[in-house]
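Sequential numbering of the sequence shown, starting at 36, is according to the working numbering. C-beta atoms are modelled at their ideal positions from N, C-alpha and C, and glycine is treated no differently. The block underneath contains the structure these notes are about, expressed in structure tokens.
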Amino acid sequence: MCTGLIVASATLMSSVAAAADDRRTATAIETTTAITLDGALDEEVWRTAEPAADFIQAEPHEGDPASEPTEVRIVFDRDALYLGVRCHDSNAGGVIVNDIRKDFAPGEQDSFEVILDTFADRRNGFVFAINPAGAKSDTQIANEGRDVNTSWDAVWTVATSATVDGWSAEIRIPFKTLRFERGEGRIWGVNFSRRIRRKNEIDYWSPVPRVYNLYRAGFGGTLEGLPDAAQGSNLRVKPWVSANSTRALGGTFDDGARIGLDAKYGVTPSLTLDMTVRPDFAQAEADEQQVNLTQFSLFFPEKREFFLENSGMFYFGDIPRESRLGTQRFSPPEEEMLLFFSRRIGLTDQGEEIPIEAGGRLTGRAGGFGVGAMTIQTGEQGDRAGDNYTVLRARHDILGNSDVGAIFLSRQSMDRSSDRNSVAGVDANFRFVRALSINGFLTRSSTPGVEAGEGAGKGSITWNDNRLHAQYSLLSVGDNFRDDIGFIKRTGVRKHFVDFGIRQRPEWIRRFGIRELHPHTRYNIYTDQSNTKVSHTNHVAYAWFFESGGYLELQWNPRFERIVTPFKVRPDQTFAPGSYGWNEYAIELETNHSRKVSGSALITLGGFWTGTQKSTKVGVVFRPSYHLSFDTALQRNDISLPFPMHDFVTNLVTSRVGYAFNTRTFLDTLLQYKKFASTPATLLRSLDRSIDWRDKKIAPTSELPRMSWRARSTV
Numbered sequence: 036m037c038t039g040l041i042v043a044s045a046t047l048m049s050s051v052a053a054a055a056d057d058r059r060t061a062t063a064i065e066t067t068t069a070i071t072l073d074g075a076l077d078e079e080v081w082r083t084a085e086p087a088a089d090f091i092q093a094e095p096h097e098g099d100p101a102s103e104p105t106e107v108r109i110v111f112d113r114d115a116l117y118l119g120v121r122c123h124d125s126n127a128g129g130v131i132v133n134d135i136r137k138d139f140a141p142g143e144q145d146s147f148e149v150i151l152d153t154f155a156d157r158r159n160g161f162v163f164a165i166n167p168a169g170a171k172s173d174t175q176i177a178n179e180g181r182d183v184n185t186s187w188d189a190v191w192t193v194a195t196s197a198t199v200d201g202w203s204a205e206i207r208i209p210f211k212t213l214r215f216e217r218g219e220g221r222i223w224g225v226n227f228s229r230r231i232r233r234k235n236e237i238d239y240w241s242p243v244p245r246v247y248n249l250y251r252a253g254f255g256g257t258l259e260g261l262p263d264a265a266q267g268s269n270l271r272v273k274p275w276v277s278a279n280s281t282r283a284l285g286g287t288f289d290d291g292a293r294i295g296l297d298a299k300y301g302v303t304p305s306l307t308l309d310m311t312v313r314p315d316f317a318q319a320e321a322d323e324q325q326v327n328l329t330q331f332s333l334f335f336p337e338k339r340e341f342f343l344e345n346s347g348m349f350y351f352g353d354i355p356r357e358s359r360l361g362t363q364r365f366s367p368p369e370e371e372m373l374l375f376f377s378r379r380i381g382l383t384d385q386g387e388e389i390p391i392e393a394g395g396r397l398t399g400r401a402g403g404f405g406v407g408a409m410t411i412q413t414g415e416q417g418d419r420a421g422d423n424y425t426v427l428r429a430r431h432d433i434l435g436n437s438d439v440g441a442i443f444l445s446r447q448s449m450d451r452s453s454d455r456n457s458v459a460g461v462d463a464n465f466r467f468v469r470a471l472s473i474n475g476f477l478t479r480s481s482t483p484g485v486e487a488g489e490g491a492g493k494g495s496i497t498w499n500d501n502r503l504h505a506q507y508s509l510l511s512v513g514d515n516f517r518d519d520i521g522f523i524k525r526t527g528v529r530k531h532f533v534d535f536g537i538r539q540r541p542e543w544i545r546r547f548g549i550r551e552l553h554p555h556t557r558y559n560i561y562t563d564q565s566n567t568k569v570s571h572t573n574h575v576a577y578a579w580f581f582e583s584g585g586y587l588e589l590q591w592n593p594r595f596e597r598i599v600t601p602f603k604v605r606p607d608q609t610f611a612p613g614s615y616g617w618n619e620y621a622i623e624l625e626t627n628h629s630r631k632v633s634g635s636a637l638i639t640l641g642g643f644w645t646g647t648q649k650s651t652k653v654g655v656v657f658r659p660s661y662h663l664s665f666d667t668a669l670q671r672n673d674i675s676l677p678f679p680m681h682d683f684v685t686n687l688v689t690s691r692v693g694y695a696f697n698t699r700t701f702l703d704t705l706l707q708y709k710k711f712a713s714t715p716a717t718l719l720r721s722l723d724r725s726i727d728w729r730d731k732k733i734a735p736t737s738e739l740p741r742m743s744w745r746a747r748s749t750v
């Protein structure tokens, strides 16, 4: 059966790849009259431009014509590219809009998206999304969606209008917002997608298999007729001043002020230099707290704008962070090894700020290479001198849809020449017939006083199409591998990873409101460098994906851990060295997020080392209107352990309240509460403590509420 599936899948994907050579073509025309952005599309030029139409379904009936017509026209003037969009709808009153904030979620409502592959390399691009209320979302993608930067903020405008037969939009994207190589007659890659949320339907202008999305630039069409456009001014400077005043209870006010500067310079149309002096990260979103009941460090994503912009250029390896199955609403990505992790710069392990004095970053394309160079200088912290951080990256496209590259990273203390660390590596990513990819990297660190065990490497092979997904990978990290600008979960290990799943869509399941059945399994096994097993995690599950967009999954998760040093799950709870095995059973449910009230839940029962656990994660989202939203999540772990250890309970509550005044201005408030307590069932006295789960340091209070808020206005 599996052989038949693979053969059928190979035939399907080969035909898709062949069809990709016969790409759809859209043509842009010039306008000499001004376009008034009101969403009406009543200028004469819109009637002249040839529409890109005849969209094709990816969901629910892949390959069928779209159930509702969509037309896109493209024009340009000296400064900008314009898109005129008509989204016809036979039930205009059924259009769903539930959010108008910047960077809304296009998948949870009716929406339209465009990807512009401005270098026509079929790998990278800029994605612009809108909804019928005029909300905007913009994204940078690299390596066909293997790296996605949703924090990229571009300068562009949109106006929408409701019509009797749907909705329409006018989009203006200034050329200075984009990167491209100048030249008369150049072509770009382009694709459009539309989501009709009440039908859970996704349509593309240039067809994309349903297992992928718009970020797979290789499935896009071609945009012709573009001018030899200029990108405007090559230099933008943004000075800033911030002031603050703090006062401890019973004390006096302590006033302070900071000044700084950010600048952006276009070295060439395809190379950009960013510079910063004493950057201000006050607008960075607060970290969401996590509960850590494992032996290892938690992963907290980067949220500072300077490091997020063009971050895809420094991406190394093959971790498909944006392509994992399921939403995993409560869980952070299971990052195993990030060779470059920018949170190591300017932040302590506890998330406290280390002042950055200055920095620069050069990114873009030159001579057929993607290049990136970054240097950052941090200031003194206490009696410790500052550090210099350097990252150099180059990547070259080969074989049509593959690439090879190299990276170098370095941290150097400014007062001690021996306090330094560097890492060098090479990587390669090969993609064949769209569904098959082979990836790998080799790296080596260099640290004074270390002579051996400084290597690390990974290799993986993946098949992913509409019918099945399968992957095998092997990661090896030496005992003494050290990366001061990376995130390394474990050293001195080898990790084998196996993933296999089947996607089934028999017609009879539609009678029950089910769109897809997905039995799957994942297996991780860790050994030390002598191949002695130290742990394994297995995931065996069956998932039902519903027509509405929700899903249900039943899970069996066997676990094994062998520890050679005592493991403290909390200060007074220690597991002795030895081997431990247990089973976890879970049910996960997520409802339709396009509704005013939606929710998700993950309930886990079973073992926990020598004891048992009852864990619950529940989230509820309430949107009374597209201006206002309430999002609350509760995570509770009830752990029972045999005498003389203590039972304990952890509670983590996260609440968000968001209010959008309009599509440009919103207020977002985040409230977090965490408590760690022993239960009275142990009949032993114990002190309730709160845990800072990032590094398991003890805080002196039993409850830890945190609140942060941010206001934002965009043009």
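- The beta carbon of residue 624 lies closer than 7 Å to those of 587, 635, 636 in the same chain, with the five residues before and after it left out.
- Residue environment: residue 679 is assigned as exposed (fewer than 16 neighbouring CB atoms within 10 Å of its CB, all protein chains considered).
- Taken through DSSP and simplified to helix, strand or coil, residue 70 comes out as coil.
- Following the DSSP letters along the chain, one finds residue 82 inside the alpha helix (DSSP H) bounded by residues 79 to 83.
- With at least 16 other beta carbons inside 10 angstroms of its own, residue 396 counts as buried.
- Going by beta carbons, residue 231 and residue 332 fall outside the 8 Å limit.
- Contact check between the stretch 498 to 514 and the stretch 529 to 538: three or more CB pairs, one atom from each, fall below 8 Å, which counts as touching.
- Nearest to residue 485 by alpha-carbon distance, out of 160, 471, 248, 514, is 514.
- Excluding the 5 residues flanking it on each side, residue 404 has same chain C-beta neighbours closer than 6 Å at 429, 431, in chain order.
- With fewer than 16 other beta carbons inside 10 angstroms of its own, residue 483 counts as exposed.
- One thing to note: residue 243 has its Cβ no nearer than 8 Å to the Cβ of residue 127.
- Our two residues, residue 334 and residue 320, have alpha carbons roughly 16 Å apart in a direct line.
- Residues 189, 190, 191 of the same chain have their beta carbon placed closer than 7 Å to that of residue 212, with the five preceding and five following residues left out of the count.
- In the displayed model, residue 479 falls within a strand according to three-state DSSP.
- Within the model, the alpha-carbon separation for residue 204 versus residue 694 is close to 24 Å.
- DSSP, read as helix, strand or coil, puts residue 544 in helix.
- One alpha carbon belongs to residue 684, the other to residue 603, and they sit about 15 Å apart.
- With respect to the 8 Å criterion, residue 106 and residue 86 are classified as neighbours on the basis of their beta carbons.
- Sorting 563, 304, 409 by C-alpha distance to the C-alpha of residue 344 places 409 at the top.
- By the criterion of a C-beta distance shorter than 7 Å, residue 589 is surrounded in its chain by 576, 577, 622, once the five residues flanking it on both sides are discounted.
- Take the alpha-carbon of residue 193 and the one of residue 474: they are about 39 Å apart.
- In chain order, 520 place their CB closer than 6 Å to the CB of residue 379, counting only its own chain and leaving out the 5 sequence neighbours on each side.
- Residues 408, 443 of the same chain have their beta carbon placed closer than 6 Å to that of residue 427, with the five preceding and five following residues left out of the count.
- For residue 343, the enclosing alpha helix (DSSP H) stretches over residues 340 to 343.
- Annotated three-state conformation of residue 631 is coil, per DSSP.
- At a Cβ-Cβ threshold of 8 Å, residue 313 and residue 392 count as neighbours.
- Taking the CA atoms as reference points, residue 580 sits about 28 Å from residue 467.
- Its chain contains 85, 259, 260 as the residues whose beta carbon lies nearer than 7 Å to that of residue 62, once the 5 sequence neighbours on both sides are disregarded; these appear in chain order.
- Following the DSSP letters along the chain, one finds residue 203 inside the beta strand (DSSP E) bounded by residues 201 to 209.
- For the 8 Å CB-CB criterion, residue 330 and residue 687 do not form a contact.
- When C-alpha distances from residue 72 are compared across 158, 110, 113, 206, the shortest belongs to 206.
- Straight through space, the alpha carbons of residue 516 and residue 702 are spaced by roughly 44 Å.
- Contact check between the stretch 168 to 177 and the stretch 652 to 660: fewer than three CB pairs, one atom from each, fall below 8 Å, which does not count as touching.
- Residue 481 counts as exposed, since fewer than 16 other C-beta atoms from the protein chains shown sit within 10 angstroms of its C-beta.
- The three-state secondary structure of residue 372, taken from DSSP, is strand.
- With respect to the C-alpha of residue 154, the residue from 214, 117, 143 having the closest C-alpha is 214.
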